[in-house]
Structures are given as structure tokens and as C-alpha cells.
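For the sequence shown, the numbering used here gives the first residue as 8, with consecutive numbering after it. Where a beta carbon is used, it is the ideal one built from N, C-alpha and C, also for glycine.
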Amino acid sequence: MLSVIIPAYNEEKCIRRAYSTIHALLEENSIEGEFIFVDDGSTDGTYEMITELSLEEENIAGVHFSRNFGKESAISAGLAAANGSCVVVIDCDLQHPPEKIIEMYRLWEQGYEIVEGIKKERGREKKMHSVGAKFFYSLISRMAGFDMANSSDFKLLDRKVVDVLNKMPERGFFRAISYWVGYNKTTVEYDVRERVDGESKWSTRGLVKYAFSNISSYSTAPMQIVTALGVVMLAISVIFGVWALIDKIIGRALEGMTTVIIITIFIGSIIMISLGIIGYYIARIYEEIKGRPKYIISSTTKSVVKNR
Ligand code: UDP
Ligand code: MG
Numbered sequence: 008m009l010s011v012i013i014p015a016y017n018e019e020k021c022i023r024r025a026y027s028t029i030h031a032l033l034e035e036n037s038i039e040g041e042f043i044f045v046d047d048g049s050t051d052g053t054y055e056m057i058t059e060l061s062l063e064e065e066n067i068a069g070v071h072f073s074r075n076f077g078k079e080s081a082i083s084a085g086l087a088a089a090n091g092s093c094v095v096v097i098d099c100d101l102q103h104p105p106e107k108i109i110e111m112y113r114l115w116e117q118g119y120e121i122v123e124g125i126k127k128e129r130g131r132e133k134k135m136h137s138v139g140a141k142f143f144y145s146l147i148s149r150m151a152g153f154d155m156a157n158s159s160d161f162k163l164l165d166r167k168v169v170d171v172l173n174k175m176p177e178r179g180f181f182r183a184i185s186y187w188v189g190y191n192k193t194t195v196e197y198d199v200r201e202r203v204d205g206e207s208k209w210s211t212r213g214l215v216k217y218a219f220s221n222i223s224s225y226s227t228a229p230m231q232i233v234t235a236l237g238v239v240m241l242a243i244s245v246i247f248g249v250w251a252l253i254d255k256i257i258g259r260a261l262e263g264m265t266t267v268i269i270i271t272i273f274i275g276s277i278i279m280i281s282l283g284i285i286g287y288y289i290a291r292i293y294e295e296i297k298g299r300p301k302y303i304i305s306s307t308t309k310s311v312v313k314n315r
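Written out as C-alpha cells, the structure is:
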């Protein structure tokens, strides 16, 4: 059985369409499927829609969060609830072409354990948004040591992989963690579609925040950059030190005030930035060490309760 995990945040207009489209596709290809809608604390009628659907159809389960915990948490909850021998995660807005699920499923049947959906084109996004996304991916790819350009949360995972992910306590990032775990993987390219209804939940500010937490959870490179900068500063200061001594010896000492000011400001700012970066990692350690749950489920539809 294939479990289809659909995170949904204020998507009341998209739920039914997402279900009927994907369900029809699975039927056509005689693939048995279950649907797990994770309502990420929506403030509109999303959960009512899910409940309604789950009363009509046997193969739908719904999970409702007590507040908005973010898409990553919604995916975690979906993975924990899935019963299938493979699982596919897909956006509610049908920006990920559902036909690709079939292609992914066939690849899984051939023995691949992870099938990554790779974006061919980023669809029509806000200009700022796509510049931000490009910058973010090239940055994280370089820092975390694997190519993340064009990757997405649209992927199919074997049960083995899902079990591994379910055991991981950390607040990882779904699209990166599937690279980290290894396994036999392949990719499927897709074109990002236009959103069918509703609005994107990402602001540019949100994207920047996401970028930082993503980098810090896969890489300690920023802290190493701090060390490297320190070394460079040391080298520079040795040169300036020698220069200052020579000035002193030949009696030109008072000159060079500008240099002193520049160096002071420069070192000051490097120290502040460094402290900020270190502080950021400490904050993340603090987040993890508190061991709070990734999400709080406030209710589930009856089918979820039945299975677990
Ligand atoms: N989503 C979620 N929680 C959030 C934000 C988004 O579960 O806090 C879901 C949303 O309902 C959708 C998917 O994540 O199914 C992708 O969101 P969106 O379409 O807003 O992002 P974009 O496609 O613009 O990157
Ligand atoms: Mg979208």
C-alpha cells in the first residue's frame, strides 16, 4: 500500500481536489493507497473539510495540530501515521504534478528506496522569492556537502526509510535528511505547476529564516568560517604589528591613527558576527535539548485512531 501524506495549512479549497485527483490516478493504475492529511493548525475550514472527506471515504485519515507547527512538523506527523509499505509526500496545492506519483511508485517497485522529486523549473514565483531560493540552495549545497539545488519535499520513501526517519528525534529538514540517510535512490524530474487555489504560505522573511536553520542543522561550516576569519585577522595583524614597530623605531609613531580605527572597527564587527553565529548554534542546541515534541496533535479522524 502507498501512503500519500499531504501537509495542509489553510487549504480548505484544495483538500477535496487534491484527494480526488490523486485518488483517481491511483485507481487508474490499480495502486492501493491511503491518504493522510495533516492539518498544520489551520485557522480556516481545512480540518472540517478533512473530517468530512474522511467520513465519506474509507482510505482517508486526518491529523489536526493544536497550532501551526510548520510543514516540517506536519511531514513528521504524516510519516509517523503512515501504514503503507511506501510513502509519498506531496503538497496540497497540486504544485507537485500528481502523475509523477505513479512514475515514482513504478521506480519503487523496481527496488529504489528513495525517489526524489527534482524541480525542473520553479514555476512562476515572485522574483525575490526565486532569487532567495537560488541563493539559499547554492549556499546550503556548498555548506552541507550535497547538491540541494532544485530538491523539494516531493518524494517517495520506502518503509525502511520511513522507520529510520521516525526514530530520529532531531528537528531535521525533510528534503535534506533523505540525502543524509543514504539508501538506494533515484530521481524524477518535474515541472512546478501553478498553485490551484489559495496562497503560498512562504514570505521572503520566512524563507531566510528557513535557510539559516537549514544550514545550521546540516553544517557547522559557519563556525569554521569564524575560525578561518580569525586566522586571517591574525595574519593581517602581524603585518600591521611589524609595520607599527618599524614606524616606532624610525620615529613616525603618531601617524596611522586611521589604520588603528579601521582595524578596531573591523575586528569588533568580526567578533560580533562570530558571537552571533555561535549564539545561533547554542540556541539550536537549547531547542533540541529541551526535547519538546515536534508537534502536538489535538485531534485525529477516527481512521487514524483505529490504526494506532
Ligand atoms: N504548509 C504546512 N504548514 C505551513 C506552511 C505550509 O503544512 O506552515 C503546507 C501547505 O499547506 C502546502 C505545502 O505545505 O501543502 C506547501 O506550502 P506552500 O504552497 O505555501 O509553499 P510553496 O509551494 O509556495 O513553496
Ligand atoms: Mg505551493
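query, result
"Thinking G52 and E19 are a contact (beta carbons under 8 Å), I'd like their distance in whole angstroms, please.", "4 Å"
"Could you name each continuous beta strand (DSSP E) segment of 3 residues or more that falls completely within the region 89–129, going from the start of the chain to the end?", "93–96, 121–128"
"Would the region 28–38 count as touching the region 101–109 if we require 3 or more Cβ pairs under 8 Å?", "yes"
"Confirm the yes/no value for this check: CB of D198, any heavy atom of ligand 2, distance under 6 Å.", "no"
"What are the uninterrupted segments assigned as beta strand (DSSP E) that are 3 or more residues long and contained completely in the region 153–190, given in chain order?", "158–165"
"Rounded to whole angstroms, what is the Cα-Cα separation between I12 and Y217?", "21 Å"
"Counting Cβ pairs closer than 8 Å, one from the region 227–241 and one from the region 205–214, do we hit at least three?", "no"
"Starting from the Cα of C93, find the closest Cα among L101, V122, M175, E35 and give me that residue.", "V122"
"Restricting to Cα atoms, I'd like to know which of L32, R149, R178, K167 is closest to K78.", "R178"
"Specify the secondary structure class of D254 as computed by DSSP and reduced to three states.", "helix"
"Would you tell me roughly how many angstroms separate the C-alpha atoms of V45 and A140, rounded to the nearest one?", "25 Å"
"Just mark K297 as buried or exposed, buried being the case when its beta carbon has 16 or more other beta carbons within 10 Å.", "exposed"
"Per DSSP, what kind of secondary structure is V312 in: helix, strand or coil?", "At V312 the pLDDT is 46, less than 50, meaning the model places this residue with poor confidence and gives no usable figure here."
"Counting C-beta neighbours from all protein chains within 10 Å, is the total for L192 16 or more, i.e. buried, or is it exposed?", "Just to set this straight, residue 192 is Lys in the shown sequence, not Leu. Burial call: buried."
"For a test of the three-state rule: what should DSSP assign to S73, helix, strand or coil?", "coil"
"Counting only the same chain and skipping the five closest in sequence on each side, list residues whose C-beta sits under 6 Å from that of Y302.", "F72, F76, S80, A84"
"Would you check if the region 113–122 and the region 185–200 touch, i.e. whether three or more CB-CB distances between them fall below 8 Å?", "yes"
"Count the other CB atoms, across all protein chains shown, that sit within 10 Å of the CB of I97; report buried if there are 16 or more and exposed otherwise.", "buried"
"Cβ atoms of T307 and V138: under 7 Å apart, would you say?", "no"
"For P300, which of helix, strand or coil comes out of DSSP?", "coil"
"Cα separation between I243 and S223?", "29 Å"
"Looking at C-alpha atoms only, which residue of I232, C99, Q231, C21 is the closest neighbour of D160?", "C99"
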